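Number of protein chains: 4
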Amino acid sequence: MSVVVDFSIFPIDKGISVSPYVAEALQIIKKSKLTYQLGPMGTCIEGDWNDVMEVIQQCFENLKQQSDRIYMTIKVDYRKGHSGRIAGKIKSVEKKI
Amino acid sequence: MSVVVDFSIFPIDKGISVSPYVAEALQIIKKSKLTYQLGPMGTCIEGDWNDVMEVIQQCFENLKQQSDRIYMTIKVDYRKGHSGRIAGKIKSVEKKI
Amino acid sequence: MSVVVDFSIFPIDKGISVSPYVAEALQIIKKSKLTYQLGPMGTCIEGDWNDVMEVIQQCFENLKQQSDRIYMTIKVDYRKGHSGRIAGKIKSVEKKI
Amino acid sequence: MSVVVDFSIFPIDKGISVSPYVAEALQIIKKSKLTYQLGPMGTCIEGDWNDVMEVIQQCFENLKQQSDRIYMTIKVDYRKGHSGRIAGKIKSVEKKI
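Protein sequence lines, in the order shown, are assigned to chains Z, A, L and Y.
No gaps in the numbering here: position 16 of the first sequence is 1310 in the working numbering, and each next residue is one more.
No gaps in the numbering here: position 1 of the second sequence is 1295 in the working numbering, and each next residue is one more.
No gaps in the numbering here: position 12 of the third sequence is 1306 in the working numbering, and each next residue is one more.
No gaps in the numbering here: position 89 of the fourth sequence is 1383 in the working numbering, and each next residue is one more.
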């Protein structure tokens, strides 16, 4: 039932540096106890759809208190019956090269 | 409080033609009564975060009954206090060109 | 050989309203004579890979003269031997609902 | 002048497992000598726009020889005058949490 999600969130009205806001989102993700992996262009989160979406909503609600314009991108990969995919997907590719 | 969301969903395990599955998602979006606009690469939906995410989840649950691997992309634009933005954003750009 | 591309570009360092910059990108796309369709969350462009990527690069080069931080999202759908897809993809879905 | 790009590519007409095709793309990226980082949902590549886009095109051309329907997502972050950002962006966030 689990999904792997690549998630980016940032404010557009706060000027050139957005890392303080990204760091707040990451802290919310960490607190959720879901498996995650921070990347240069987004954070991958793995879990049940409802759990992942709840964390994304928390990140959004938190940033809304500080910003009047927010952009988010979400990529979702669902594969039936698989879990441990944040590590597994990378291994599956790496062993083929 | 409303967001504008660009949403794409399709199965990866059903071969080259995915329009039957996209059509099912579109029907779910239509039934929701949210404002939407079908595009060549995704459907834009406008509404409260919870309402939009519920529709997206319905599309996902529906496709999960038919497909074992699903890909989704979601782009979200939140702007405080604005609504009617599916039409408004396009007008705002068009009047400048 | 043609692709359908959904393309968004905006500056992060210009404050809450980005439509003047989006309008400049749209003008560049219009001048290219490629088939396009403006949407609320991006513009769809259809054409040969090289032609589409050249237009996207022009939009990027133009915005770089005005902004020090730029975000772009690009979704690409390639289907062998098909063209006229900006209209065709929408029709294919609409006739199924 | 450099950009950081998150790039995903996969065929839609090859069934549920796409890792062999992702592995081929990764090999092309490796050969390019650009800085990259493989993630669960895409590969981040850093370099000049032209160099990064040339690698992405090579991945696309390679997959076109095997697949009749291909999907790609690309997210681009440009920041003037900065380089070493694949490592730098992560550090910038991590030191704030």
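Backbone N, C-alpha and C define an ideal beta-carbon position, used for all residues, glycine too.
Only a predicted model underlies this, so the values are computations on that prediction, with no experimental measurement involved.
In this structure, does DSSP put residue i in helix, strand or coil?
i, result
"Z:Leu1328", "coil"
"Y:Lys1369", "strand"
"Z:Ile1391", "coil"
"A:Val1297", "strand"
Residue i: which of the options sits nearest, CA to CA?
i, options, result
"A:Gly1336", "L:Ile1391, L:Gly1378, L:Lys1369, L:Lys1390", "L:Lys1369"
"Z:Ser1311", "Y:Glu1355, Y:Leu1357, Y:Lys1374", "Y:Lys1374"
"Z:Ile1391", "Y:Lys1308, Y:Leu1320, Y:Phe1301, Y:Ile1303", "Y:Leu1320"
"A:Ser1330", "A:Lys1358, A:Lys1308, A:Lys1385, A:Asp1300", "One point to set straight first is that residue 1330 of chain A is Tyr, not Ser, in the sequence displayed. The residue with the shortest Cα to Cα distance from A:Tyr1330 is A:Asp1300."
"L:Ile1380", "A:Ser1377, A:Ile1384, A:Pro1334, A:Gly1378", "A:Pro1334"
"Y:Ser1386", "Z:Pro1314, Z:His1376, Z:Lys1324", "Z:Pro1314"
"L:Ser1302", "L:Thr1367, L:Glu1318, L:Phe1354", "L:Thr1367"
"Y:Tyr1372", "L:Gly1378, L:Lys1325, L:Leu1332, L:Asn1356", "L:Asn1356"
"Y:Phe1354", "Y:Gly1309, Y:Lys1308, Y:Glu1318", "Y:Glu1318"
How is the alpha helix (DSSP H) around residue i delimited, first residue to last?
i, result
"L:Val1387", "1379-1388"
"Y:Ile1350", "1343-1358"
Just reading off the beta strand (DSSP E) that residue i is part of, what are its end residues?
i, result
"L:Ile1306", "Careful: L:Ile1306 lies outside any beta strand (DSSP E) and carries neither H nor E."
Please list, in chain order, all residues of the same chain as residue i whose beta carbon is under 6 Å from its beta carbon, the five residues on each side excluded.
i, result
"A:Val1316", "none"
"A:Trp1343", "Val1297"
"Y:Gln1352", "Ile1322"
"L:Glu1388", "none"
"L:Ile1384", "none"
"A:Ser1326", "Val1349"
Quick one: residues in its chain with C-beta nearer than 7 Å to the C-beta of residue i, no 5 flanking neighbours on either side, listed in chain order?
i, result
"L:Leu1328", "Ile1339, Glu1340, Gly1341, Asp1345, Val1346, Val1349"
"Z:Leu1332", "Leu1320"
"L:Phe1304", "Val1312, Tyr1315, Val1316, Tyr1365"
"L:Gly1378", "none"
"A:Gly1309", "none"
Who are the near neighbours of residue i in its chain, counting only those whose CB is closer than 8 Å to its CB and skipping five residues on each side?
i, result
"A:Ile1306", "Ser1361, Arg1363, Ile1364, Tyr1365"
"A:Lys1358", "Ile1364"
"L:Gly1382", "His1376"
#### Entry: Contact residues within the region 1339-1369 of chain Z, judged by C-beta distance below 8 Å to chain L
Asp1362, Arg1363, Tyr1365, Thr1367
### Query
Which residues, taken in chain order from the region 1310-1331 of chain A, show a beta carbon closer than 9 Å to some beta carbon of chain Z?
Correct list: empty, as no residue qualifies.
### Task
With 9 Å as the C-beta to C-beta threshold (strictly closer), list the residues of the region 1296-1311 of chain L near chain A in chain order.
Of all residues in the region 1296-1311 of chain L, only Val1298, Val1299, Asp1300, Ser1302, Ile1310, Ser1311 place a beta-carbon less than 9 Å from a beta-carbon of chain A.
### Query
Between the region 1373-1389 of chain A and chain L, which residues of the former have a C-beta closer than 9 Å to a C-beta of the latter?
Arg1373, Lys1374, Arg1379, Ile1380, Ala1381, Gly1382, Lys1383, Ile1384, Ser1386, Val1387, Glu1388, Lys1389
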